[in-house]
Amino acid sequence: MAVLVLVEQEADDLSRQAIAFAGTLGEPEAFLVGGADVALPVQRAHVAEGLGAYAPGAWATALSEVIDRVQPSAVVAAGTERGNEVLAHVAARRGLPFAANCIAVDGDTVTRVRWGGSLLEEARIHSPLPLLSVAPHAVPAAEGAGSPEVETFTPALGDADLLVQVAEHVDEVSAGVSLAEAKVVISGGRGVGSADGFGILEELAALLDAAVGCSRVVTSAGWRPHTDQVGQTGTKVSPDLYIACGISGATQHIAGCKGAKKILAINSDAEAPILASADYAVIGDLTEIVPAITAELRKARTP
Amino acid sequence: MRILVCVKRVPLTGGKMVLTADEQAIETRHLGFTISPHEECGVEEAVRLVEQHGGEVTVLTLGPPEAEEQVRETLAIGADRGIVLADGGEEWDAQATAAAIVATIEAEQAAGGDFDLIVFGNESADSGNYQVGIRVAHALGRPVVTGLKGLAVDGGQASCEQEVGGGRDVFRVPLPAVVTVLEGINLPRYPSVPAKLRARQKPIETRTPERPEPRLEKLRLVVPPGQGKQAEILGQGPEAAPAVVDVMRELGVA
Ligand SMILES: Cc1cc2nc3c(=O)[nH]c(=O)nc-3n(C[C@H](O)[C@H](O)[C@H](O)COP(=O)(O)OP(=O)(O)OC[C@H]3O[C@@H](n4cnc5c(N)ncnc54)[C@H](O)[C@@H]3O)c2cc1C
Ligand SMILES: Nc1ncnc2c1ncn2[C@@H]1O[C@H](COP(=O)(O)O)[C@@H](O)[C@H]1O
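Going down the list, the sequences are from chains A and W. Per our numbering, the first sequence starts with residue 12, numbered consecutively. Per our numbering, the second sequence starts with residue 111, numbered consecutively.
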């Protein structure tokens, strides 16, 4: 049976993970919006034309038309903002349940992510048409170019479908190394003590070409902007090394950094919960340890 | 402006997830409770809009009777009144939650009090269904913009901003509308002591909706692997710096 996959041009790798996930349920067929690359490892690609700038209602209408035509056994999307949004619209319109951020499916039972990944839930989905999004990096991406049969169509949109549509895009150039892409992230928590206390983290970061992050206590106190926050309600990072300075290791913080290859905790409390999530730890006062690491690196680099 | 904000009481889990013996819930005997940071920002945003344009903020929650605590905290931020929908001690799935919220809004409308703006978190802290706001908007036939990092209301129109790769996408929708917001849209205030005292006098009513059978039925919770590592201690204090640099070299980052 066909399984329809919502493919997003802007989320190629995550969409390919969704295709791989769909492959465990049946024969994946892609739903895409005109302009997107159709060279995907699927049997058939349904391409909606004439949608213009992103409009969740219009995407849901177009996807719904394909559902009616193809009669798939399930509909899958990547667990991105748009993937979850469009499936929620389809679910609302059809009066069906929607299971967001699944990592596995077995018959009518899904395993899905709760608490940003700190907890899992097994749930039964009571539905003639399971609507599932796939949590990022739950499965490897489906590789290969593929040459699906392409069916192009122009969905019949109503006025309401375009009431919510991107009207304008404002470019913003961010300075420095991006938190989400940095190879090293150095984050500070309450233990840093003040906005100025981040100076020593910045100094070390400059040496390592690292990005500086922080915990929610820090953003709530106004020491750093929310764009620097790592965690469940902040940015998810996946550097080679994550250095957590003066951060206790609440599950909601760990939810944002557990994608790191290695975690180093610098904490004055040898009993801090972060030690159960970290690979390495240095116990002591970060205001002494961080400058000592900076000095050691500088020493090692001077010939 | 009349604004409704929907919030959900959740446990403030600490360093690890501990489940009850039946694997149906988080063990909360030693935990405090809170609401999602997204929802806290939703309350702050609503209060700021009313400070600017006049009106009233109502906060709604579906939860246990104790959820009154969380509603009271939002009244201290500046919301005016609260409604607690008693959940009967059971978890409601997203579809049932949305239906209960819609029924409450329709009852408010019937009593002559419609909402110009209905504010949700982008996703709930615990179940993260990413859908209750969208379902409510659909049932009411109103536009919904999700994941907001910016919001301005002017002349019956809401200008909504999402953060996307390389900048911001702007949506403009007519009111009445539904929005879902993200932490970072504002920096919520700390309630002052007088504000907390005033909050004690504000009205909170309780209603008891009927829970339908869940269509996304929780079977059990599972703690994912990875919790409970044991970090290798590289040393104590600044003397550990050479060991840290060694690790950085091994990882190829120094
Ligand atoms: C739904 C929800 C979502 C959340 N989302 C996020 C999120 O996205 N990101 C996030 O970070 N939090 C989030 N939180 C908050 C989270 O639960 C914690 O409150 C927060 O992470 C704690 O921050 P912290 O570790 O900086 O502070 P604390 O928990 O106070 O820890 C401070 C640590 O610093 C150490 N310390 C103190 N002084 C020193 C010193 N001189 N040298 C070395 N160590 C020192 C202490 O031993 C302690 O371990 C969320 C909470 C909820 C309920
Ligand atoms: N039990 C509840 N009571 C009130 N509002 C809720 C409840 N559950 C979810 N919501 C609202 O819906 C948003 C999205 O939830 P969800 O679809 O579960 O991710 C939350 O951030 C809340 O604003």
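No residue lacks a Cβ here, since even glycine has one placed at the ideal position from N, Cα and C. Note that this is a predicted model, so its numbers are computed, not measured.
Once DSSP output is grouped into helix, strand and coil, what is the label at residue i?
i	result
A/Ala191	coil
A/Ile265	helix
A/Val44	strand
A/Glu38	strand
W/Leu258	strand
W/His163	helix
A/Ser198	strand
W/Ser269	strand
W/Pro121	strand
A/Gln20	helix
W/Ala351	helix
A/Gln176	coil
W/Gly152	helix
A/Gly224	strand
W/Asp264	strand
A/Gly68	helix
A/Val53	coil
W/Thr144	strand
Give the straight-line distance between the Cα atoms of residue i and residue j, rounded to the nearest whole angstrom.
i	j	result
A/Val248	W/Lys259	20 angstroms
A/Ser26	A/Ala152	8 angstroms
W/Arg317	W/Pro174	11 angstroms
W/Ala186	W/Thr130	32 angstroms
W/Gly125	A/Arg55	46 angstroms
W/Ala206	W/Pro324	7 angstroms
A/Thr35	W/Asp190	50 angstroms
W/Gln340	A/Lys269	14 angstroms
W/Gln346	A/Gln176	55 angstroms
A/Ala216	W/Val289	37 angstroms
W/Glu349	A/Ala206	26 angstroms
W/Gly155	W/Thr184	The identity of residue 155 of chain W in the sequence shown is Glu, whereas the question assumes Gly. Whole-angstrom Cα-Cα distance: 12 angstroms.
A/His264	A/Trp126	11 angstroms
A/Ala20	A/Val44	For clarity, residue 20 of chain A is Gln in the given sequence; the question names Ala instead. C-alpha separation (whole angstroms): 8 angstroms.
W/Val274	A/Val58	24 angstroms
A/Leu107	A/Ser138	6 angstroms
W/Ala135	W/Gly198	15 angstroms
Quick one: does residue i have its CB under 8 angstroms from some CB of chain W?
i	result
A/Gly233	yes
A/Val177	yes
A/Lys247	no
A/Val4	This structure leaves residue 4 of chain A out entirely; chain A is present only between 12 and 314.
A/Phe32	no
A/Thr91	no
A/His148	no
A/Arg105	no
A/Glu19	no
A/Val293	yes
Could you tell me the boundaries of the alpha helix (DSSP H) in which residue i lies?
i	result
W/Arg317	Looking at the DSSP string, W/Arg317 is not in any alpha helix (DSSP H); the run it does join, the beta strand (DSSP E), is 314 to 317.
W/Arg278	Not the alpha helix (DSSP H): W/Arg278 falls in the beta strand (DSSP E), residues 277 to 284.
W/Ile244	242 to 250
A/Asp182	First-last for A/Asp182: 179 to 182, but that is the beta strand (DSSP E), not the alpha helix (DSSP H).
A/Ile211	210 to 219
W/Thr290	It is not in any alpha helix (DSSP H) - W/Thr290 instead sits in the beta strand (DSSP E) that spans 287 to 291.
Name the two residues that bound the continuous beta strand (DSSP E) containing residue i.
i	result
A/Ala255	252 to 256
A/Ala281	From DSSP, A/Ala281 is part of no beta strand (DSSP E); its letter is neither H nor E.
A/Leu305	Sequence check: residue 305 of chain A is Thr here, not Leu. Not the beta strand (DSSP E): A/Thr305 falls in the alpha helix (DSSP H), residues 297 to 312.
A/Val228	A/Val228 -> not in any beta strand (DSSP E); alpha helix (DSSP H) instead, spanning 227 to 231.
A/Ser144	142 to 145
A/Thr163	160 to 164
A/Ile294	291 to 294
Any C-beta of chain A sitting closer than 8 angstroms to the C-beta of residue i?
i	result
W/Thr256	yes
W/Gln337	yes
W/Gly173	no
W/Pro301	no
W/Glu342	yes
W/Gly265	no
W/Met111	no
W/Thr123	yes
W/Ala350	yes
W/Phe143	no
W/Lys328	yes
W/Asp197	no
Just checking: is the beta-carbon of residue i within a distance shorter than 8 angstroms of some beta-carbon in chain B?
i	result
W/Ala210	The structure shown has no chain B; the protein chains it does contain are A and W.
Output the residue ranges of the alpha helix (DSSP H) runs that lie fully inside the region 83 to 129 of chain A and measure 4 residues or longer, sorted by chain position.
92 to 105
4-residue-minimum alpha helix (DSSP H) runs that sit fully inside the region 303 to 343 of chain W, ordered along the chain
303 to 311
What residue ranges within the region 158 to 244 of chain W form continuous beta strand (DSSP E) runs of no fewer than 3 residues, ordered along the chain?
166 to 173, 191 to 196, 227 to 231
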